[in-house]
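Have a look at the structure below before the remarks.
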Amino acid sequence: MTSPTKAEGSGSVAALDPELDATSEVAEGPKKLEGRSPGQLMWQRFKRDRTGMICAGVVIFFFVIALLAPVLTAISGTNPYTLYGQDPTFADKPVLDEFGLPLGYFGGVSADHWFGVEPQYGRDLFAMMMYGMRTSLYMAVAVSTLLTVTGVIIGVVGGYFGGRTDYWLGRVTDFFLSFPSQLFFIAFMPVVTAFFVDPREETPTYFRALAILIVLWVLGWMGMARLVRSVVLALREREFIEAAKVSGASPARIIRKEILPNIVTPVLVQYTYQLPSTILTIAFLSFAGVGFVEPTPDWGRLFAAGAQYTQQDPAFIFFPGVALVIFILCFNLLGDSVRDAFDPKSGR
Amino acid sequence: MKSLNSRRARAILVAIAAGSLALTGCSENTGGSSGKDSKEDQKKAKEQSQGVAYLDAAASSGPAEEVPGAKSGGTVTVYQESALTHMDPGQIYVSDAGQFSNLVFRGLTNFQEDGKGNVAVVGDLATDSGKASNDNKTWTFTLKDDLKDQNGNPINSADVRHTIERLYAEFIFDGPTFLQSWLSGADYRKALPDGGFGDKHLPDSVLETPDDKTIVFHFDKPRPDLPMALAMPGYSIVPEETDTKEKYDQAPVATGPYKIAEFKAGKSLKLVKNENWDPKTDAVRHQYVDGWNFQFGVTESTQTKRLIADQGDSKNAIQFTGTVDATQIQDVIGDPEVKKRTIQGYAPYVMQLSFNMDRVKNKTVRDAITYAVNSKSLIAGEGGAYGGDVAPNLFAPTLPGYDATYDPYGRLKTPQGNIEKAKELLADVPAAEKKLVFAYANSEAGQKRKVAIEDALGKVGIDVVSKEVDSASYYEQIGKVNNPYDMYITGWGQDWPSPATVVTPVYDGELIGDGQSNYSHINDAKVQELINKAITQQPEEAAKTWDEAHKRILEEVNPAAPLWYVKQFQLYGSNIGGARYSTESSYMDITRVFLKS
């Protein structure tokens, strides 16, 4: 990388962070200091950031338990679909009172139901949350990644080449921006369903997932594209780009080697904001009746349903709520740490 | 990571966790009991289900009996979630406008209640509840003296004629159609296309107004229910001189104790006293308060919160057709001070799982589903014991002739479904017939119902295919005769206290059509015969015929599985006096309301 980071040289980094040498791999030997790639530098800086490491651990933990939902619910012996409060086969173990609110302490926390039960139907909150996290997290990651990649490609192309290319890409971006995405979704989903699904067959859940993915992707990449374009526009006038051009580098090489490493910071920050908001968007779609429907567990919808019971059964929002707060906080802090590791000057 | 150090992050987490714990407290819920109240409601329902008496001139003359302790003055605040859809009497069919109508409009007859569950029909503008010929085909009404509308114009028989004739016009499309079709047949609009605004009027052989005070209806069939039909808000009087056709919906002329002072569409409505209303001519209504202040757009959740808090203006407030928010029911029941301020009873609706009989032809399957459905879990989704009651049959508790013990499918014993019995019935049914499409409104409540239905029917081996239907057009979609669904949850309530307004619209095979309420498409010759017999009979005999028809429908045809009865649970402010549940409207009896101070 001939970026400013590199321009400082390994010497200056070492001067700023003397202990970096001490923590660097001993195997490489002290004489090979210059050989470290920016990626290695970043990793070394990141390892020294305690908050970043903890948050990374928490985020990975969330993804792992979401992935392991079936295993975890097998251990707890519950599933997210049984109505423990209404099912006659569970009549000997009542979990709800006459008003449909959980019996016992803290929303019905017990050995059977670790996080208590849902009001009205008495479904197991632990199982609903594990499966709901799986739905929401992986949908959100897929959507955010897709639209980040699309946004970066379109933004870089527009920003770097400029001129007519930029003009037309800009107009296409404007065109997509003019769609109210959620309204569009509400209007389009029934049409798409009617077109692809037999009226006497149930709409499959994978079909809903795919539809959500595609629509959120197609109507969501514009913010990222705009952001990247503006950063690239400023970058391409910088000396090191000029220098690369003069030395005869191809546009592909310049984009890959000179520009992309320098837009990582804003893209990462944008991505860490995008992911939590996508979780909530998916939940909203479910409320508007075009996203996932009951009984498919969904973290966002669980959170929204809990909000209705905050006064009567606060425990119902406590578990999904605290989990959501921790996850989003850690995800944002992790994003900050990664950014700082890439660009240590920005935090000072 | 210098902008936010980890210690601070930890502090934030701890604060959040501690805050939530403090909020929840750690108290144990051992479960209260609301079973007692449920019994009380059933007792009330028994009162509710008595027959309706037609009262004479003495009972129909004003003024209305004083409400004990009533005081005059003050303004009542009314909370309502959505604004009134119509104010033109001819367009009024839904309950919120019906309540409003009882304050502002008067018809030929009206319902009178004694608070013990007895409902009677008295003359309102008419001197009595109507005089019928022996065969019930001719009905004569005489108007009281000195009747005036809000402008001081006298109300005479020409106004009554105009009120009825304008119902034939194209711009009246949302109101009830009983009277028109009784007079001129199902295709009544052709009989008088311009609605009596031109020179053409209904002939004397149908509607006769021999003098200023007399109105005579001539029907081709006996119509013993006419006094109750005329008490519907949709047949309130529209004075001829001041009718503005379409514009009347925004600015109607009052004939009752209150008139419209200010109306902001979708926002607010202010009613003030109508000085031209004479209490001596009215046997039902009072004019205790000076005015009514309607606030629209207040959600049921907000209404409940405000009324529980009972602060400031909320002390003088009532819920109009809203009910206590399902999630806050416990807060209302748990506090005796709040519970005192509630009105409880049954709403007239029976929720049922209607089968599309064009598709689900095998009665064994329908019976099995009727056994399998879990009423309890569906009611849980509606707010538990105070939101609904298990329905053993298809007649609502508010209907005369209701029998709480008539339970052919053993619903009261096994409210969570009789799975063994259903499995037994389904044992020999081929798999193809067990795959059924269930349509549900795609709203929060609809999705809840879907979960309960799928859960219950899945247990007995029915393959439920759930199809979401846009919730705004749900009834329109399932109301189509050739809809692609096998079953759907529907609700229907009586128009007046007679099974005629339930059995006829919902189970009459002649009324199958797009947009009709015969959602199950039942077309049974025996039921048909009984309906035709019952609608011409006197109430006592008719009750027996209706009962027979009910048993035939539920046991031998089974077009719909009864699920639950909708319950009414309203809250009012502490300064409101005279609040009482109205058996007829199933809401607060709004004519009696006064302010204590």
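Residue numbers (my numbering), protein chains in the order written: chain F, 1 to 348; chain Z, 1001 to 1597.
Every residue gets a Cβ at the ideal spot worked out from N, C-alpha and C, and that includes glycine.
**Q.** Residue range of the beta strand (DSSP E) that includes residue 1258 of chain Z
**A.** 1258 to 1264
Any C-beta of chain Z sitting closer than 8 Å to the C-beta of residue 182 of chain F?
no
Which residues share a DSSP beta bridge with residue 1466 of chain Z? Z/1438
Taking only beta-carbon positions, decide if residue 1381 of chain Z is within less than 8 Å of chain F.
-> yes
Under 8 Å by beta carbon: chain F residues contacting residue 1316 of chain Z | None at all; the shortest Cβ gap to chain F is about 25 Å.
Please confirm if residue 141 of chain F has its CB atom under 8 Å from at least one CB of chain Z.
no
For residue 1448 of chain Z, does the count of other Cβ atoms within 10 angstroms reach 16, so buried, or fall short, so exposed? buried
- Query: Would DSSP call residue 1286 of chain Z helix, strand or coil?
  - Reply: coil
#### Entry: Inter-residue Cα distance where the pair is residue 326 of chain F and residue 1175 of chain Z
55 Å
Problem set entry | Residues bridged to residue 1488 of chain Z (per DSSP) | Z/1354 and Z/1439
Q) With a Cβ-Cβ cutoff of 8 Å, do residue 232 of chain F and residue 211 of chain F count as a contact? A) no
Which whole-angstrom value describes the C-beta separation of residue 333 of chain F and residue 51 of chain F, a residue pair presumed to lie in contact below a C-beta threshold of 8 Å? 6 Å
Among F/129, F/59, F/67 and F/54, nearest to residue 275 of chain F - alpha-carbon criterion:
F/59
* CA-to-CA distance, residue 1076 of chain Z to residue 1596 of chain Z, given in whole angstroms -> 11 Å
Please tell me whether residue 135 of chain F and residue 292 of chain F are closer than 8 Å, where the distance is taken between their beta carbons.
yes
- prompt: Distance, Cα to Cα, residue 1492 of chain Z vs residue 206 of chain F?
  reply: 36 Å
Handout entry: Positions along the segment 81 to 115 of chain F whose CB lies within less than 9 Å of some CB in chain Z
Key = 81, 82, 83, 85, 86, 87, 88, 89, 91, 94, 96, 97, 98, 99, 100, 101, 102, 103, 104, 105, 106, 107 and 108
Note to self: Do residue 1119 of chain Z and residue 1129 of chain Z have their beta-carbon atoms positioned less than 8 Å apart in this structure?
What the structure shows: no
In chain F, what lies closer than 7 Å to residue 1447 of chain Z by C-beta?
-> 293 and 294
Practice problem: Mind checking the segment 263 to 276 of chain F against chain Z and listing, in chain order, the residues whose C-beta falls within less than 8 Å of any C-beta there? | Solution: none
Which residues of the segment 201 to 215 of chain F have a Cβ closer than 8 Å to any Cβ of chain Z? Give them in chain order. 201, 202 and 203
Along the chain, where does the alpha helix (DSSP H) that runs through residue 217 of chain F open and close? 205 to 218
Validate contact between the segment 186 to 202 of chain F and the segment 1454 to 1473 of chain Z using beta carbons, cut 8 Å, 3 pairs
yes
**Asked** Which chain F residues are close to residue 1354 of chain Z, counting only those with a beta carbon under 9 Å from its beta carbon?
**Response** None at all; the shortest Cβ gap to chain F is about 17 Å.
query: Any heavy atom of the ligand COA closer than 7 Å to the CB of residue 140 of chain F?
result: The model depicted lacks the ligand COA and carries no ligand whatsoever.
In the DSSP assignment, what residue or residues form a beta bridge with residue 1146 of chain Z? DSSP output for residue 1146 of chain Z lists no bridge partner at all.
| request: For chain Z, find out if any of its Cβ atoms is closer than 8 Å to the Cβ of residue 120 of chain F; answer yes or no. | output: yes
Query raised in the report: Taking three-plus beta-carbon pairs below 8 Å as touching, is the segment 168 to 177 of chain F in contact with the segment 103 to 111 of chain F?
Result: no
List, in order along the chain, the chain F residues whose C-beta lies closer than 9 Å to that of residue 1455 of chain Z? 81, 82, 83, 86, 87, 121 and 295
Query raised in the report: Should residue 1384 of chain Z be flagged as near chain F, meaning a C-beta pair shorter than 8 Å?
Result: yes
Classification of residue 99 of chain F by the beta-carbon crowding that lies within 10 angstroms, buried from 16 upward: buried
Assuming residue 305 of chain F is part of the beta strand (DSSP E), what are its boundary residues? Per DSSP, residue 305 of chain F belongs to no beta strand (DSSP E); it is in the alpha helix (DSSP H), 299 to 308.
- Taking any Cβ of chain C, which residues in the segment 305 to 325 of chain F have a Cβ under 9 Å from it, in chain order? Chain labels in this structure do not include chain C; the protein chains are F and Z.
> What does a CB cutoff of less than 6 Å around residue 215 of chain F pick up in its chain, not counting 5 residues either side in sequence?
Replying inline: 185
Same chain only: Cβ atoms within 6 Å of residue 1071 of chain Z, ignoring 5 sequence neighbours per side:
1594
Review point. Is the shortest distance between the beta-carbon of residue 199 of chain F and the beta-carbons of chain Z less than 8 Å?
Key: yes
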